[in-house]
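This report refers to the structure that appears directly beneath it.
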Amino acid sequence: MLVPELDEVELGRRWDSEGCVLLRQALSKASVAAARDAMHGFLLRAANVPGTADDAARAVTETHNRIHNSPTAAPPAPIAALRDDPALAKIAHVLLGGPVAPLSVVWLRARGARDFQRTSSPHCDAPYVGGHTDGFCTFWIPLQPVSAADGTMIVMPRSHKSARLAAYAGSDLLGGDGALRMGAGYCHHPDDASADLQLPWWTAEFEVGDILAFRPNLLHAAVDNMGQQLRCSVDVRLARRELSAPGFWSSPAPVDFDGYFMDAQ
38 MLVPELDEVE
48 LGRRWDSEGC
58 VLLRQALSKA
68 SVAAARDAMH
78 GFLLRAANVP
88 GTADDAARAV
98 TETHNRIHNS
108 PTAAPPAPIA
118 ALRDDPALAK
128 IAHVLLGGPV
138 APLSVVWLRA
148 RGARDFQRTS
158 SPHCDAPYVG
168 GHTDGFCTFW
178 IPLQPVSAAD
188 GTMIVMPRSH
198 KSARLAAYAG
208 SDLLGGDGAL
218 RMGAGYCHHP
228 DDASADLQLP
238 WWTAEFEVGD
248 ILAFRPNLLH
258 AAVDNMGQQL
268 RCSVDVRLAR
278 RELSAPGFWS
288 SPAPVDFDGY
298 FMDAQ
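Below, the structure is given as structure tokens:
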């Protein structure tokens, strides 16, 4: 899945076969560092606590609903700059086969050091973005180096071609929030999803400037932060230009604004 340089043929092939691709140093370190600083500042202001950004992340977790449901008029400039970076547009143009535009909403994610809570259970984006269309891509952008041993984003290559997962779509097993369910509730452990679909998970060591792109119907999750530092990341989505109008998102909230959420889960 690693494509060190933008070889359009190879990128397209892996996008089709794997459903995800890791691009090393696709963004400048300076722009990612500026976004990280902006996010730390947001954490401190939103949580209204003294101390470090890591202290703020723990406080934000406790006030998740207030933060989550309070989109601002516009994202901080450094974070908007990541969303609008020409490098992402160039990559998305290749992946989606035509002109693209960024979706206005940017998801910001923060998890404190040694915080043993899963940021998200195994899920797909398609059910809650664009009504199951395949006309967009998600870019996961870590804002600092992230070690696989410390816990990070994981993806399930080729799950976008799984007949079993496709059969779940629209049923109680893969509902409107995109989360995979098993038995009486959510599938909280990635190993259970892997056993059910007979496909392995994949992850990597991430450096500043790296991005992980994946398809709307690819299963992915974020695991416990076992490390000693605050783990911050940004989700940016680009869609084919004709699909990128306000209202493209199906849930969790209307997005006819140029804004962002802080997701502390």
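Note that this note's numbering numbers the sequence shown so that position 117 is 154, with each residue one more than the last. Note that the Cβ used here is the ideal one computed from N, Cα and C, for glycine as well.
For this session: Could you have a look at proline 136 and say whether DSSP puts it in helix, strand or coil?
Result: coil
Classify serine 199: buried if its beta carbon has 16 or more other beta carbons within 10 angstroms, exposed otherwise. buried
(message) Does any residue of chain B have a CB that is nearer than 8 Å to the CB of aspartate 162?
(response) In summary, chain B is missing from the structure at hand, where a single protein chain is found.
- Query: If you run the structure through DSSP and keep just helix, strand and coil, what is tryptophan 52?
  - Reply: helix
Give the DSSP-derived three-state secondary structure of serine 157 in the structure shown.
strand
Report task. Leaving aside the five residues before and after glycine 135 along the sequence, list all residues of the same chain whose C-beta is less than 7 Å from its C-beta, in chain order. Result -> Arg277
**Q.** 8 Å Cβ cutoff met for glycine 246 and alanine 114
**A.** no
- Message: Please classify valine 46 as buried or exposed, where buried requires at least 16 other C-beta atoms within 10 Å of its C-beta.
- Response: exposed
Tell me, please, whether the stretch 268 to 276 touches the stretch 222 to 237 by the rule of three or more beta-carbon pairs shorter than 8 Å. no
Proximity to alanine 258 [Cα-Cα], best of Leu140, Pro159 and Asp44: Pro159
### Query
Apart from the five residues on each side of it in sequence, which residues of its chain come closer than 7 Å, Cβ to Cβ, to proline 182?
Phe243, Glu244 and Val245
Taking leucine 125 as the reference, give the member of Ile116, Pro139 and Pro112 with the closest Cα. Pro139
- Item | Alpha-carbon spacing of serine 68 relative to glycine 215, whole angstroms | 31 Å
Could you check if arginine 155 is buried or exposed, using at least 16 other CB atoms within 10 Å of its CB as the buried criterion?
The pLDDT assigned to arginine 155 is 48, lower than 50, so where the model puts this residue is not dependable; a value taken from the coordinates is nonetheless given after this. By the 10 Å Cβ count, arginine 155 comes out buried.
Query raised in the report: In angstroms, rounded to a whole number, what distance separates the CA positions of arginine 50 and leucine 275?
Result: 19 Å
Ignoring anything shorter than 3 residues or poking outside the stretch 180 to 248, list the beta strand (DSSP E) runs there in chain order. 190 to 192
Exercise. Who are the Cβ neighbours of aspartate 122 in its own chain at under 8 Å, not counting the five residues just before and after it?
Worked result: Leu64 and Ser68
request  = Would you mind listing the alpha helix (DSSP H) stretches within the stretch 246 to 270 that are 4+ residues and don't spill past its ends, in chain order?
outcome  = none
Run of the beta strand (DSSP E) containing arginine 148, from where it starts to where it stops:
143 to 148
Query raised in the report: If you compare alpha carbons, which of Ala75, Gly149 and Cys57 is closest to leucine 119?
Result: Ala75
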